[in-house]
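What follows is a single structure, written as C-alpha cells, with notes after it.
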Amino acid sequence: MENRKYIFVMGGVMSGVGKGITTSSIGAILKARGYKVTALKIDPYVNVDAGTMNPTEHGEVFVLDDGDETDQDMGNYERFMDVQLSRENYMTTGRVYESVIHRERNLEYGGRCVQVVPHIPLEVIDRIVKASEKDKSEITMIEIGGTVGEYENILFLETIRLMKIKNPDDVLSVMVSYVPMPNKIGEMKTKPTQHAVRTVNGAGVQPDFIIARSEVPMDQKRKEKISMFCNVGEEYVISAPDVDNVYEVLLNFERDNLSELILKKLRLETRTSDLLQWKNLVEKIKMTEDSVTIGIVGKYFGTGDFVLSDAYLSVIEAIKHAGYQAGVKTKIDWINSELFEKEPEKLDSLSQYDGVLVPGGFGGRGIEGKIKAIQFCRENKIPFLGICYGMQLAVIEYARNVLGLADANTTEVNRETSSPVIDIMPEQKKNLEDGNYGATMRLGAYPAKLEEGTIAKSLYGQAEISERHRHRWEVSPQYLEKIETAGLVFSGKSPDGKLMEIIELPITQHPFFVASQFHPEFKSTPLKAHPLFFGFVSAAKKRSEKK
Ligand code: GLN
C-alpha cells in the first residue's frame with residue numbers, strides 16, 4: 007500500500023449526525039488541495055446489497071453506473087467529490103462473508119482453519135486496498151456505518167487497528183461525535199463523546215480527529231475538555247455546528263484548517279487549496295430570494311409517527327441543485343398519493359404547486375392516486391416530472407384518458423389487464439418465476455438516443471446520453487404506435503430503438519410534461535444540475551412568476 011493513504015471515519019454517540027456528509031466534505035477539501043481522492047462505504051448489515059430492503063426502513067437505494075445497489079452515502083461521495091464509484095467501493099458484512107466463504111469452499115485458504123479474526127478483517131483490508139488501487143487514489147476515505155460500541159462494527163474497527171500498526175503514517179481515523187446541549191441544562195455536554203472514545207479505545211483504536219457535531223459552534227472550554235479526556239490535541243477537535251445547507255460544512259472545516267492538519271499527519275505536502283466553486287455556490291444560495299414549491303407525490307414516507315424523506319434523498323438533492331442553477335429556492339411538500347384515492351376532491355390542491363414530481367416506486371399501493379395526480383397535472387398544465395414508475399404511470403394515464411383504454415395498466419399491478427401498456431420483458435419474467443430477486447433488475451448505466459426537436463434534446467444539448475436504471479418493467483412495444491399517434495412523444499430511446507427512455511408532451515401543448523424511465527437524480531451534482539431537473543425547476547419558476 008505504498009504511497010496510498012487511508013482515512014477512516016466512524017461514528018460516536020448516535021447515528022444520523024452526519025458521518026456521510028463529514029466523509030464527503032473531507033474528501034472534497036482534500037480534492038480541493040489537488041489530491042486524487044476516492045471513498046468507500048462499509049455497511050455493517052448482513053444484506054449483500056441494499057437492493058432488497060424496504061425504502062422506508064433503509065432510505066434510498068443509490069444505484070451506481072455499474073448497477074450496484076448501494077447506500078445513499080455513496081451518492082454524497084459522488085456529489086461532493088465529483089467521482090464515479092463502482093461496486094468495489096461498497097461493502098457490507100454480507101458481502102465480506104460471502105467472499106470469504108466462497109474462497110474457503112474453493113480451498114483457497116490451503117487447509118487452514120478460517121476464523122472470524124483475522125480472516126474477516128483481512129478480507130476487508132484487501133477490499134479497501136484494491137478499491138484505492140483501482141481508483142488510483144492518493145487518499146481513500148472509508149466510512150464505517152453504524153456507531154462504535156455496536157457489536158456489528160467491531161470487525162471493521164479491527165481493520166483500522168491492523169492497518170495502522172503496519173503503516174502508522176498512512177492511516178488515520180476520524181470520529182464524528184454528537185455533543186448534545188439539553189434544553190434544561192443549557193450547556194454542551196461532552197461526556198457521551200468521552201464514552202464513545204473510550205469504547206473505541208477498547209478496540210485498540212485512538213481517533214486522530216474528533217468532529218464534534220452540535221447545534222451551535224463549540225466553545226474553547228468544551229474543546230479543551232474533549233482534548234484532555236479523549237487524548238487528542240485541541241486543534242484536532244473540530245467544531246461542526248448545524249448549517250443551513252450542507253455545502254457550508256466543508257467551508258467550516260477549512261476555517262479550522264482541517265485539510266492542512268490531515269495532510270501534515272499523513273506526511274503529505276500541503277498544496278494550495280482551491281475552494282472557489284464551493285464558496286461561490288454557498289454565496290449564491292444565500293443570496294437567492296425567489297422560491298418555488300414542488301409537490302412530491304409518493305408513498306415511502308412513514309416511519310412510526312415521523313415523516314422521513316430519506317427514501318427520496320437524491321431526488322430532493324437534484325431539485326435543490328436545479329434550484330441553484332435556475333436561481334430559485336426550492337421548497338418541497340410531501341403528498342401521500344393514497345390521499346387522492348380516498349378523497350379525489352383534494353386533487354385541486356395540486357394547483358398551488360409550481361411543479362409536481364412523481365418519483366420511482368414498486369407495487370400497487372398508492373398508484374391510482376399517482377395516476378390521478380398525473381392526469382391533473384397534464385390537464386391543468388402544471389409542470390410535471392416523472393421518474394421511472396412515474397414515467398410508467400404517466401404512460402398508463404395517457405393510455406386510459408387519451409387513448410380511451412380504460413383498463414390500461416402495468417402487469418406489475420394487474421396481470422390480467424386487457425391493455426398491458428407497461429409490461430415485463432421475457433428475461434425479467436424468468437427472474438421472477440425463479441424467485442431470483444436480488445440484483446436482477448435492469449440496473450445501472452445504459453445509453454439512450456434523443457430525438458431531434460424535443461425538449462429532452464434541447465435540455466441535454468447532445469444526442470446521446472448515459473443514465474442509471476433500476477426497474478423490471480418497460481413500455482410495451484405493442485402500444486408504441488398507438489400512443490405516439492395519440493400525441494405522446496418518445497423523445498429518448500435505447501440505441502436499438504426498442505426501449506422507451508423519455509416521454510414528453512410537445513411544448514405547444516404543455517409547459518413541461520417530461521418523464522424518464524431512468525433515474526436522473528443519481529447523476530445530478532451541486533455544481534452541475536441535471537438537465538431534466540433544470541428544465542423542470544425552470545418551468546416551475548416560470549409558473550410561479552405568472553402567479
Ligand atoms: N416498479 C417499476 C419497475 O420495476 C418501477 C421501478 C422504479 O420506479 N424504480 O419497473
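Under the working numbering, the residue at position 97 of the sequence shown is numbered 103, and the numbers go up by one with no gaps.
The beta-carbon is built from N, C-alpha and C at its ideal position, and this holds for glycine as well.
Between the alpha carbons of valine 362 and phenylalanine 382 lies a distance of about 10 Å.
CA-CA distance, lysine 352 to isoleucine 373, rounds to 16 Å. Around isoleucine 13, the same chain offers Met147, Leu178 as residues with beta carbons nearer than 6 Å, after the five sequence neighbours per side are excluded. Per the DSSP secondary-structure output, proline 247 pairs in a beta bridge with Ser220. Assignment of aspartate 132 by DSSP, reduced to helix, strand and coil, places it in the helix class. Segment contact: the region 488-500 against the region 536-553, fewer than three CB-CB distances shorter than 8 Å; contact not assigned.
Counting along the chain, no alpha helix (DSSP H) covers asparagine 386, and no H or E run does either. Here proline 198 carries a helix assignment [DSSP, helix/strand/coil]. Judged by beta-carbon spacing, proline 501 lies beyond the 8 Å limit of histidine 327, meaning their Cβ atoms are not closer than that value. For glutamate 75, the enclosing beta strand (DSSP E) starts and ends at 75-77. Cβ-Cβ separation between glycine 24 and arginine 219: approximately 6 Å, consistent with a contact (criterion under 8 Å). Here DSSP, grouped into helix, strand and coil, assigns leucine 113 to coil. Close CB contacts of proline 483 within its chain, under the 7 Å cut and outside five residues either way in sequence, are with Lys504 (chain order). Check the Cα spacing between tyrosine 466 and each of Ser497, Gly444, Glu439: the tightest is with Ser497.
The three-state secondary structure of histidine 475, taken from DSSP, is strand. In the three-state reduction of the DSSP assignment, leucine 272 falls in the coil class, being assigned neither a helical nor a strand state. Distance between serine 320 and serine 31, taken at the CA atoms: about 17 Å.
When Cβ pairs closer than 8 Å are counted between the two stretches, the region 450-461 is seen to touch the region 70-90, the count reaching three or more. In this structure, phenylalanine 162 sits away from valine 122, with a CB-CB distance that is not shorter than 8 Å.
Around the C-beta of leucine 438, fewer than 16 other C-beta atoms lie within 10 Å, and the residue is accordingly described as exposed. Contact annotation: aspartate 74 and arginine 93 have beta-carbon atoms nearer than 8 Å. Beta-bridge partners assigned by DSSP to tryptophan 340: Ile302. Taking 8 Å as the cut-off, the Cβ atoms of glutamate 487 and alanine 324 do not count as close.
One Cα belongs to glutamine 212, the other to leucine 128, and the distance between them is close to 20 Å.
In the structure shown, the three-state DSSP call for isoleucine 513 is coil.
For alanine 521, same chain residues with a beta-carbon under 6 Å away, outside a window of 5 residues either side, are Gly392, Gly396, Met397, Ala400, Ile509 in chain order. Judged by DSSP secondary structure, lysine 285 falls outside any beta strand (DSSP E) and instead within the alpha helix (DSSP H) spanning 282-293.
Between the ligand GLN and arginine 478, a heavy atom-to-CB distance of less than 7 Å is present. Between the alpha carbons of lysine 553 and glutamine 358 lies a gap of roughly 10 Å.
Under the three-state reduction of DSSP, threonine 278 is assigned to coil, being neither helix nor strand.
Rounded to whole angstroms, the gap between the alpha carbons of phenylalanine 390 and serine 265 is 42 Å.
Asparagine 415 is bridged by DSSP to Pro426. Taking a cut-off of 8 Å on C-beta distances, the region 329-342 touches the region 286-301, as three or more cross pairs fall below it. Pairing methionine 194 with lysine 436, the inter-Cα distance amounts to about 58 Å. Beta-bridge partners assigned by DSSP to glutamate 480: Asp429.
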